[in-house]
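Residue numbers (my numbering): 4 to 264.
Here's the structure we're looking at; comments come further down.
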């Protein structure tokens, strides 16, 4: 028997989300479709029957492509990679979204402490795993416990540029993290860049994508329910033409025996 674990957070209108990431959903009850059915479709009310009240419907009136559990395309990082057009999310090869997964645990990292190249390679050795072409690497920080709170965007560690580059050089095309973003929290990044007067610190993990092609997932959940390895990851984004990212239902599949090991 296979076990499926959902790594996607629910999509709902959360007042604690930053204003630029707010999702708004209009839920339409069954009775709201009466007029449509009676006058547009042309069905008299007497032919509805005793148990049919109309159909429910819902409209997402506002939702950015980066607002929920999603996957970023190379076009999010820059319009070109080494002079060539960067892939948009609808151009992601579907085979890249299905592969062997591994979880690297960085729950010990302090708030706003970057995951360095040494941290990354040490974690791989300690976990006794092999990363190769097609491996989907999941970074566990434990910050998914803040999902839905005002603190969520400002909590977490972040994958350094060097560590991101190393993963890509191992053949990784898709990676993901269980916090708000791939890098350190945005305001902290900006603060560090100002204090050190450096133009290399802000968005350093994302910016690797201007030179090396890769996709990464953000705002995953439930990585604590996974073993270190021995499972498949499935991530298939909505094919929004020309978009920099898309919401995705990310799940893992494993044998029952793997989950118990």
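Glycine is no exception: its CB is placed at the ideal position from the N, C-alpha and C atoms.
Could you name the residues of the same chain whose beta carbon sits closer than 8 Å to that of residue i, not counting the 5 residues immediately before and after it, in chain order?
i, result
"residue 126", "107, 108, 109"
"residue 104", "138, 139, 140, 141, 229, 232, 234, 235, 236, 255"
"residue 64", "27, 28, 29"
Evaluate residue i with the Cβ neighbour count: other Cβ atoms within 10 Å of its Cβ, from every protein chain shown; 16 or more gives buried, anything less gives exposed.
i, result
"residue 221", "buried"
"residue 112", "buried"
"residue 38", "exposed"
"residue 58", "exposed"
"residue 73", "buried"
"residue 167", "buried"
"residue 207", "buried"
"residue 218", "buried"
"residue 4", "exposed"
"residue 155", "buried"
"residue 33", "exposed"
"residue 201", "exposed"
"residue 31", "exposed"
"residue 203", "exposed"
"residue 81", "exposed"
Which of helix, strand or coil does DSSP assign to residue i?
i, result
"residue 217", "coil"
"residue 190", "helix"
"residue 41", "helix"
"residue 4", "coil"
"residue 73", "strand"
"residue 46", "coil"
"residue 141", "strand"
"residue 66", "coil"
"residue 211", "helix"
"residue 136", "coil"
"residue 258", "strand"
"residue 87", "strand"
"residue 21", "coil"
"residue 148", "helix"
"residue 123", "helix"
According to DSSP, what are the bridge partners of residue i?
i, result
"residue 131", "In the DSSP output, where bridge partners are listed per residue, residue 131 has none listed."
"residue 61", "30"
"residue 11", "223"
"residue 269", "In this structure the chain extends from 4 to 264, so residue 269 is not present and cannot be described."
"residue 234", "104"
"residue 82", "In the DSSP output, where bridge partners are listed per residue, residue 82 has none listed."
"residue 178", "140, 219"
"residue 239", "252"
"residue 117", "161"
Counting only the same chain and skipping the five closest in sequence on each side, list residues whose C-beta sits under 6 Å from that of residue i.
i, result
"residue 17", "151"
"residue 35", "none"
Using 7 Å as the cut-off, classify the Cβ of residue i as near or not near the heavy atoms of the ligand GTP, replying yes or no.
i, result
"residue 210", "Among the components of this structure there are no ligands whatsoever, and the ligand GTP is therefore not found."
Near residue i, what residues of its chain come up, given a Cβ to Cβ distance below 7 Å and the 5 sequence neighbours on each side ignored?
i, result
"residue 244", "93"
"residue 135", "173, 174"
"residue 239", "97, 100, 251"
"residue 85", "214"
Q: Assess, as a yes-or-no matter, whether the stretch 182-195 is touched by the stretch 243-251 under the definition of 3 or more beta carbon pairs within less than 8 Å.
A: no
task = Report yes or no: do the stretch 192-200 and the stretch 146-155 share at least 3 C-beta pairs separated by less than 8 Å?
result = no
Count the CB pairs spanning the stretch 11-31 and the stretch 221-230 that are closer than 8 Å, and state whether there are at least three.
yes
- Between the stretch 46-54 and the stretch 177-185, do at least 3 Cβ pairs fall closer than 8 Å? no
Does the contact criterion of 3 or more C-beta pairs under 8 Å hold for the stretch 73-93 versus the stretch 207-215? yes
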